[in-house]
Structure formats: C-alpha cells, structure tokens
Amino acid sequence: MTVGIVTYGAYIPRYRIKVSEIARVWNADAEGIAGGLRVQEKSVPDLDEDTATIAVEAARNAIQRGEIDPSRIGAIYTGSESHPYAVKPTGTIVADAIGAAPNLTVADFEFACKAGTAGIQTCMGMVESDMIDLGLAIGADVAQGAPGDALEYTAAAGGAAYVIGDSEDSLVAEIEDTLSFTTDTPDFWRREGMPYPEHGGRFTGDPAYFKHILSAARGLMEKLDTTPTDYDYAVFHQPNGKFPRRVAATLGFAADQIEPGLVVTTLGNTYSASCLIGLAATLDIAAAGDRIFVTSFGSGAGSDAFSLTVTDRLDEIRNGAPSVSDLLAEKRYVDYATYAKHKGKIRL
Amino acid sequence: MLYGDCMGVPRFWRHISSRYNLIGTRCATCGEYYFPPRTMCPKCRRDGVIEDHRFSGHGEVITYTIIHAAAEGFDRETPYPLAIIQLDEGPRMTGQVVCDPDKIAIGMRVKPIFRRLGEDGAAGIIYYGTKFMPM
Numbered sequence: 364m365t366v367g368i369v370t371y372g373a374y375i376p377r378y379r380i381k382v383s384e385i386a387r388v389w390n391a392d393a394e395g396i397a398g399g400l401r402v403q404e405k406s407v408p409d410l411d412e413d414t415a416t417i418a419v420e421a422a423r424n425a426i427q428r429g430e431i432d433p434s435r436i437g438a439i440y441t442g443s444e445s446h447p448y449a450v451k452p453t454g455t456i457v458a459d460a461i462g463a464a465p466n467l468t469v470a471d472f473e474f475a476c477k478a479g480t481a482g483i484q485t486c487m488g489m490v491e492s493d494m495i496d497l498g499l500a501i502g503a504d505v506a507q508g509a510p511g512d513a514l515e516y517t518a519a520a521g522g523a524a525y526v527i528g529d530s531e532d533s534l535v536a537e538i539e540d541t542l543s544f545t546t547d548t549p550d551f552w553r554r555e556g557m558p559y560p561e562h563g564g565r566f567t568g569d570p571a572y573f574k575h576i577l578s579a580a581r582g583l584m585e586k587l588d589t590t591p592t593d594y595d596y597a598v599f600h601q602p603n604g605k606f607p608r609r610v611a612a613t614l615g616f617a618a619d620q621i622e623p624g625l626v627v628t629t630l631g632n633t634y635s636a637s638c639l640i641g642l643a644a645t646l647d648i649a650a651a652g653d654r655i656f657v658t659s660f661g662s663g664a665g666s667d668a669f670s671l672t673v674t675d676r677l678d679e680i681r682n683g684a685p686s687v688s689d690l691l692a693e694k695r696y697v698d699y700a701t702y703a704k705h706k707g708k709i710r711l
Numbered sequence: 191m192l193y194g195d196c197m198g199v200p201r202f203w204r205h206i207s208s209r210y211n212l213i214g215t216r217c218a219t220c221g222e223y224y225f226p227p228r229t230m231c232p233k234c235r236r237d238g239v240i241e242d243h244r245f246s247g248h249g250e251v252i253t254y255t256i257i258h259a260a261a262e263g264f265d266r267e268t269p270y271p272l273a274i275i276q277l278d279e280g281p282r283m284t285g286q287v288v289c290d291p292d293k294i295a296i297g298m299r300v301k302p303i304f305r306r307l308g309e310d311g312a313a314g315i316i317y318y319g320t321k322f323m324p325m
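See the structure below:
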C-alpha cells in the first residue's frame with residue numbers, strides 16, 4: 364500500500380520583528396546575534412491569534428488546495444507546545460472549524476518541535492491499517508521565549524497542515540518510509556504553569572539536536588539503502604539558520620538541496636511547524652519525481668525522518684492556496700513594545 | 191453581533207457553527223438567505239422551507255466605525271475597525287475587520303478569517319469565530 368500526502372497548507376501571521384530590534388532593547392550585539400543565528404527576523408502573531416487559529420487557517424488552506432471533502436477526515440492530530448488550553452483539545456476547534464466533525468477521532472500532541480511530524484506518522488498508521496480514509500496532521504505554535512533569553516530572538520508563530528491518505532491517484536507525494544530515534548534527553552522543557560520554557564544552552568546542540576537528527580536520518584537512509592545524492596531536496600528542523608546547515612553538511616547534503624526549505628532566516632523558529640513549513644516551501648517548488656528527505660527534531664528528545672517522492676498531481680493543486688513565499692512576503696514590521704503587547708509579555 | 195464577552199459557555203456553544211463557519215439558513219421557497227439563521231421565513235411564513243446554508247464569508251463593507259474606547263476585553267486591540275458587512279448572498283452582519291484603521295473603506299471587499307473573539311478572563315473559556323480581512 365502507498366501512503367502519502369494528499370494536500371498541504373501553511374499559515375504565517377503577517378507581523379514580523381527584526382532580530383536587530385530585539386537586540387536593541389537588550390543592548391546586545393545585533394549583528395553578531397543575527398549573523399550567529401543566521402536569522403534576520405521572525406513572525407509575530409496578531410493580538411487575536413493563537414495556536415488554534417493558526418492551526419485552523421493552515422488546515423483550511425490545505426483543504427482548499429486539495430479540494431477535499433472535510434467529512435472524509437477520520438482523525439486530526441494537532442501538534443504544538445503552545446496549545447491555548449492546558450486541558451481542552453485544540454483539535455476539536457479545528458475539526459468544527461473545517462467541517463470535519465463529528466465522525467472522527469481527535470487528540471492533541473506535544474513533543475516540543477516534532478509533535479507535528481508525530482501526527483503525520485500516526486495518520487500514516489491509521490490510513491495504512493484502514494482505520495480511516497484521510498488523516499489530518501498539524502504542527503502549529505505561537506512559540507514563547509522569555510524576555511532577553513536567547514530563545515526570544517527566534518521563537519516565532521506559524522502552522523502547517525498535511526492531509527494523509529493512501530489513494531495513489533490522489534497523492535501529491537508518496538511517503539516511502541519513516542523512522543524515528545528517541546531518547547530521554549532533557550535539553551529543553553517548560554514546567555506546568557510556567558510562562559516560558561527553559562533550556563540547556565549549548566546542551567541543546569550535540570547531545571540533542573545533532574545526535575537525534577543524525578541518528579534518525581542515517582537510520583532511514585540505511586533502511587532504504589539511499590544516500591543524500593538520491594534526493595533532490597532535504598528539510599531539517601530549523602531552530603536557527605546554523606543548525607540545519609551544519610546537520611545537512613554532516614550528512615552529506617549540499618547547500619542547494621536544503622535552500623528551498625530553509626525558511627528560518629525570515630520566519631524564525633515556528634517549533635512544531637518548523638520543518639513542516641520548510642517541507643511546504645519545498646513542495647511549492649518541487650517537480651514530479653523529485654525526492655525529498657525530511658527530519659524533524661523535538662526536544663526531550665526525538666527525531667522523525669521521512670523519505671518522500673513527489674507525484675504528477677502536485678502540479679494540479681499547487682496553486683490552490685497561498686505558497687509559503689506568498690505568506691512570507693505579506694508582512695508588517697512591529698517594534699519591540701508592540702511585539703511584547705502581541706505576545707502578552709506585558710501583564711497588567 | 192458576533193462578539194460576546196462573558197456570554198456564558200452554553201450560549202456560545204449553541205452558536206459555534208454560525209461563528210466558526212457562518213452557517214445560516216436559506217428559504218428554498220423564495221430563495222432568501224438569513225444570517226444569523228432563522229428557523230422560519232418571514233416572507234413565506236408556513237410555505238417557507240428553511241435549509242442550512244454555509245456563507246462564503248466574502249462580502250463588502252457597507253459602513254464602519256473605528257473603536258477607540260472598547261468594551262472590556264477588547265481594550266488592547268484599539269483602535270480597530272468594526273464594520274457592517276454585506277455578505278455576497280445578501281444578509282448584513284457586524285464584524286471586526288482586521289486591518290489598519292486608516293485602510294478600511296466603504297465598498298472594500300473582505301474575506302473571512304478565523305480568530306479569537308474574546309475570553310472569559312484568564313481562567314475561562316476562549317471564544318473563537320469569524321472576523322474579516324481585506325481581500
């Protein structure tokens with residue numbers, strides 16, 4: 364049985380703040396930080412946007428692009444580390460807002476930045492086992508970074524939605540296989556009731572991001588007997604612009620293979636949506652027959668690797684919804700004070 | 191009015207389909223559209239046949255005001271445009287248009303977006319629904 368992506372959609376709020384503006388407030392070296400992180404600006408949610416509204420907009424874009432009947436969706440998994448409620452699912456809001464309710468199963472996922480790809484894997488399993496016709500996996504976040512913390516320069520907002528199915532003539536990309544690598548590695552966390560996450564600084568690098576992505580990616584390529592040269596494009600989780608470039612080079616991928624999906628420079632780190640928006644940007648430009656390698660990373664820690672092949676159908680539906688570059692181009696800059704108000708950092 | 195601060199959970203829940211997806215009604219006898227939904231056609235009376243209709247949410251700004259002194263819960267969003275929108279099918283409704291206050295204009299075409307409408311305080315329920323943005 365062939366399982367894969369039936370349609371996809373992304374959503375990015377229109378506000379942006381430049382890394383230099385955040386550095387100005389904290390009297391930090393703007394050029395050094397932007398150059399070191401290789402991030403110039405990040406997205407900021409509107410005052411009335413949160414993970415649920417972003418997930419709905421991404422899902423609606425996916426449904427519009429693929430022109431699918433939402434009542435065919437038998438499962439919705441929404442991955443985020445910033446669900447609006449501690450207890451009450453984001454997915455029920457999505458299900459009603461896209462017209463998929465009530466005959467479906469819904470659950471919210473949390474696995475730092477890889478909860479969205481975990482949703483894709485769950486949908487793959489349910490589709491392959493004939494439990495459902497179509498599954499919807501979403502990664503969406505309004506990521507939090509404490510004022511002045513290193514995370515604040517990159518923590519951004521955005522979402523991406525993927526409808527997973529198994530009808531060969533309806534797929535825009537076949538998912539040949541997936542493989543995960545997971546260990547208990549406390550590199551990043553947020554305790555119950557805490558407004559901002561904590562992290563292990565440099566500990567988030569080698570023992571966390573690099574170990575897990577390298578292990579999952581190498582494991583999948585070994586399983587499929589492929590090498591980086593077999594792929595046209597690759598997408599890796601993008602907490603900054605430095606890590607995905609380094610992990611790609613370590614694995615043997617060339618810079619031009621990751622360039623189309625490297626959206627972090629002008630988007631920031633959208634956490635659960637990070638590599639899923641990168642994949643959407645890659646699908647926006649990919650041609651039939653292209654192979655795409657994707658590996659997410661979620662702190663805590665784990666990585667999900669995927670191997671995809673684009674089909675002819677992508678050309679038929681590609682222009683049915685805004686592309687990632689369309690969404691990135693629609694922007695309005697805000698200063699730090701407005702950003703702080705939008706993010707609820709000012710408590711009255 | 192789409193918005194309702196402290197409207198109570200059951201009252202909001204009853205209107206979720208209207209607020210999320212602009213589900214109104216249409217009279218199959220005379221073809222008139224209704225939003226908010228009506229259960230009886232005032233024109234056709236007992237001859238009316240009412241059916242659900244999902245509005246596209248595309249429409250036009252008929253008139254608007256800029257809110258500077260907002261109700262509790264909306265004070266951080268000021269100044270913001272509040273408009274009467276005529277949906278393409280005919281009904282008029284009040285809704286917030288998400289754009290710069292100096293950009294809104296009578297006759298402007300708008301499309302629906304999904305946003306937070308309000309919340310019952312930090313511990314209460316969050317209300318979601320439809321706002322509009324320029325096309």
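Residue numbers (the numbering used here), protein chains in the order written: chain Y, 364 to 711; chain H, 191 to 325.
Every residue, glycine too, gets a C-beta built ideally from N, C-alpha and C.
For clarity, every value in this text was computed on a predicted model and none was experimentally measured.
How would you call Met191 (chain H), buried or exposed, if buried means at least 16 neighbouring beta carbons within 10 angstroms? Confidence is the limiting factor: at Met191 (chain H) the pLDDT is only 41, short of 50, which leaves the residue's position unreliable and the question unanswerable from this model.
Within the same chain, show all residues whose beta-carbon is closer than 6 Å to that of Gly372 (chain Y), passing over the 5 residues directly before and after it, in chain order. Ala421, Asn424, Ala425, Arg428, Ala524 and Ala684
Is there a C-beta anywhere in chain H that falls below 8 Å from the one on Ile483 (chain Y)? no
Is Gly454 (chain Y) closer than 8 Å to Asp471 (chain Y) when the C-beta atoms are compared? yes
One question on the structure: do Thr645 (chain Y) and Gly661 (chain Y) come within less than 8 Å of each other, judged by their Cβ atoms? no
Same chain, Cβ closer than 7 Å to Phe225 (chain H), neighbours up to 5 away in sequence not counted: Leu212, Gly214, Phe245, Leu277, Pro281 and Met283
Going by DSSP, which residues form a beta bridge with Met298 (chain H)? According to DSSP, which records beta bridges pairwise, Met298 (chain H) is partnered with nothing at all.
If Pro269 (chain H) and Ile294 (chain H) are in contact, beta carbons under 8 Å, what's the gap, nearest whole angstrom? Actually they are not in contact, since the Cβ atoms of Pro269 (chain H) and Ile294 (chain H) sit about 11 Å apart, beyond 8 Å.
Please decide whether Arg299 (chain H) counts as near chain Y, where near means a Cβ-Cβ distance under 8 Å. no
With distance defined between alpha-carbon atoms, name the residue in Y:Leu690, Y:Ile456 and Y:Phe606 nearest to Arg565 (chain Y). Y:Phe606
Would you kindly work out how many angstroms separate the C-alpha atoms of Lys381 (chain Y) and Phe656 (chain Y), rounded to a whole number? 30 Å
Thr416 (chain Y) at chain H interface by Cβ criterion, 8 Å: yes
Kindly indicate if chain C contains any beta-carbon less than 8 Å away from that of Phe202 (chain H). The structure shown contains no chain C; its protein chains are Y and H.
At a CB distance below 8 Å, what residues from the region 269 to 288 of chain H approach chain Y? Give them in sequence order. Val288
Quick one: what does DSSP say Thr453 (chain Y) is sitting in, helix, strand or coil? helix
Using a C-beta cutoff of 8 Å, does Gly568 (chain Y) count as contacting chain H? no
Just the C-alpha distance for Val505 (chain Y) and Thr253 (chain H), rounded to the nearest angstrom, thanks. In a straight line, the C-alpha of Val505 (chain Y) is about 33 Å away from that of Thr253 (chain H).
So Asp517 (chain Y) and Val402 (chain Y) are in contact, right, with Cβ under 8 Å, and what is the actual spacing, rounded? Note that residue 517 (chain Y) is Thr in the sequence shown here, rather than Asp. Right, their Cβ atoms sit about 5 Å apart.
If contact is defined by three or more beta carbon pairs under 8 Å, each pair taking one atom from either stretch, is the region 387 to 394 of chain Y in contact with the region 469 to 485 of chain Y? Pairwise C-beta distances place the region 469 to 485 of chain Y out of contact with the region 387 to 394 of chain Y, as fewer than three of them are shorter than 8 Å.
Proximal residues, the region 451 to 481 of chain Y versus chain H, C-beta separation under 9 Å: Lys451, Ile456, Asp459, Ala460, Ile461 and Gly462
Is the shortest distance between the beta-carbon of Phe225 (chain H) and the beta-carbons of chain Y less than 8 Å? no
Mind checking which residues open and close the alpha helix (DSSP H) that includes Lys338 (chain Y)? Because residue 338 (chain Y) is not part of the residues shown, which for chain Y are 364 to 711, the question remains open.
Residues in the region 602 to 621 of chain Y having any Cβ partner in chain H nearer than 8 Å: none
Unbroken stretches of the beta strand (DSSP E), 3 residues or longer, contained in the region 198 to 257 of chain H: 213 to 217, 240 to 244 and 249 to 257
With a threshold of 6 Å on Cβ separation, who are the neighbours of Gly615 (chain Y) within its own chain once the five nearest residues in sequence on each side are excluded? Pro591
Between the alpha carbons of Ala362 (chain Y) and Val457 (chain Y), how many angstroms are there, rounded? Only positions 364 to 711 of chain Y appear in the structure, and residue 362 (chain Y) is not among them; the question remains open.
Closest by CA to Ser492 (chain Y), which one among Y:Pro447, Y:Asp529 and Y:Ala500? Y:Asp529
With burial defined as no fewer than 16 other Cβ atoms inside 10 Å of the residue's Cβ, what is the status of Val366 (chain Y): buried or exposed? buried
What three-state label does DSSP hand Met494 (chain Y) in the structure shown? coil
In terms of residue numbering, what span does the beta strand (DSSP E) encompassing Ala438 (chain Y) cover? Ile436 to Gly442
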